[in-house]
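Per the numbering used here, residue 415 is the first one in the sequence shown, and the count goes up by one each step.
Written out below as structure tokens is the structure these notes cover.
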Amino acid sequence: MSSPFIVVPTYHELENLPRFTEQLWTALPQARLLLVDDASGDGTPDWVKSHLLYQKQLFLLERAGKQGLGSAYVAGFSWVTAHLPTMEPCTAVVQMDADLSHNPDAIKDLLGALDAGADLVLATRYRGGVRVTNWPLRRLLLSLGAAQYVKLITGMPFSDPTGGFKAFRPEKLGELDLEQIHSDGYAFQIEVTHMAWRLGWNISEVPITFEDRAAGVSKMSTRIVREAVWRVPWMALHRRRLKPRTESAFAQKRSSS
Ligand SMILES: Nc1nc2c(ncn2[C@@H]2O[C@H](COP(=O)(O)OP(=O)(O)O)[C@@H](O)[C@H]2O)c(=O)[nH]1
Ligand SMILES: [Mg+2]
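The structure is reproduced here in structure tokens:
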């Protein structure tokens, strides 16, 4: 049966993983989950490998040490595009955080927007009001300010361009030249959406409520904010015209079968 593939970067998220996986599979029993873990010293790899669904619906990509959220997603998406041609078909590739800030129940809304024709669906905290609970005011203001900054500099019409909860049409994912993206955090989220927008993808937004993590700590840093500040004008200048990368693995498979 066809099911979404969820890609989640993890760094010291063991406190959240049992609840996250339970909520995910309650909402979507068929979903497959890839965790991209950067050698979390909290026992994450052992927990994953002893899970009943390990290598059935739960997969683990282990990396040698903390290399950043952006490169974790690039590695995770590459893993999915490489493995999917030999696996059950997949309706969507979804990215989200492990800390339950992104509610697994909302995945269905993102999948609905893909069904309606979108190539990329962005979960938004800010369209039609602000839906963020328990975030410190300065973090909320930073995020809202970043959204305005991105809109002004790039012209992208999206209300929440730094958000990390998205769904991709799987056969489109291979069009993104992800090896060209070396940014992290906010900048990574903006760059992927900007690339898709410049490629002319059909992009839609779905409202969500974002809740600050209840356990574990944020890996957000001032370096991530500084990087986004210069990276946004850089991408606006350097990525005015883009062509899709060579055909995706999915498209190749379809044309050869
Ligand atoms: N593999 C990997 N995951 C990371 C890294 N940094 C953050 N993450 C994960 O990315 C997600 C979002 O990070 P988080 O710290 O919650 O960022 P925030 O929501 O912006 O405060 C969480 O699932 C983290 O565990 C990293 O360097 N490597
Ligand atoms: Mg978080």
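Each residue gets a CB set at the ideal place from its N, CA and C atoms; glycine is no exception.
At a threshold of 7 Å, Ser515 counts as near ligand 2, since its beta carbon sits closer than that to one of the ligand's heavy atoms. In this structure, the C-beta of Arg433 stays at least 7 Å away from each heavy atom of ligand 2.
Residues of the same chain with a CB within less than 8 Å of the CB of Thr538, apart from the 5 flanking positions on each side, are Phe572, Ser573, Asp574, Gly577, Glu619, Val620, Pro621 and Ile622 in chain order.
Under the three-state reduction of DSSP output, Val544 falls in the coil class, being neither helix nor strand. A check of alpha carbon separations from Val508 across Arg659, Leu431, Trp461 and Leu438 identifies Leu438 as the nearest. Distance from the Cα of Leu442 is smallest, within the candidate group Leu449, Asn430, Arg627 and Ile420, for Ile420.
In this structure, Ala512 and Phe434 form a Cβ contact; the two beta carbons are roughly 5 Å apart against a cut-off of 8 Å. Contact annotation: Leu613 and Leu656 have beta-carbon atoms nearer than 8 Å.
In the structure shown, Leu551 adopts helical secondary structure according to DSSP, grouped into three states. Counting every other CB atom within 10 Å of its CB across the protein chains shown gives Pro518 a total of 16 or more, marking it as buried.
In the same chain as Gly542, and ignoring 5 residues on each side of it, the C-beta atoms closer than 8 Å to its own belong to Pro621, in chain order. By the Cβ-count criterion, Asn548 is exposed, with fewer than 16 other Cβ atoms from all chains shown falling within 10 Å of its own Cβ. In summary, Ser464 is exposed, with fewer than 16 beta-carbon neighbours lying within 10 Å of its beta-carbon over all protein chains present. According to the DSSP secondary-structure assignment, Thr538 is paired through a beta bridge with Pro621.
As the crow flies, the alpha-carbon of Arg477 is around 12 Å from that of Val488. A residue is called buried once 16 or more other Cβ atoms fall within 10 Å of its Cβ, and Leu466, having fewer, is exposed. Residue state for Phe434 is assigned as helix, using DSSP reduced to three classes. DSSP places Tyr468 within a strand segment (E or B) once states are collapsed to three.
DSSP places Val494 in the helix class (H, G or I) of the three-state scheme.
Look at Leu613 here: in three-state DSSP terms it is coil, with no helix or strand label.
Per DSSP, Val631 lies in no beta strand (DSSP E) and is assigned neither H nor E. For Asp451, the uninterrupted beta strand (DSSP E) segment begins and ends at Arg446 to Asp451.
Nearest neighbour of Ala581 by Cα position, chosen from Pro550, Ala561, Val606 and Pro432, turns out to be Val606.
Residue burial annotation: Val643 is exposed, with fewer than 16 other C-beta atoms found within 10 angstroms of its C-beta.
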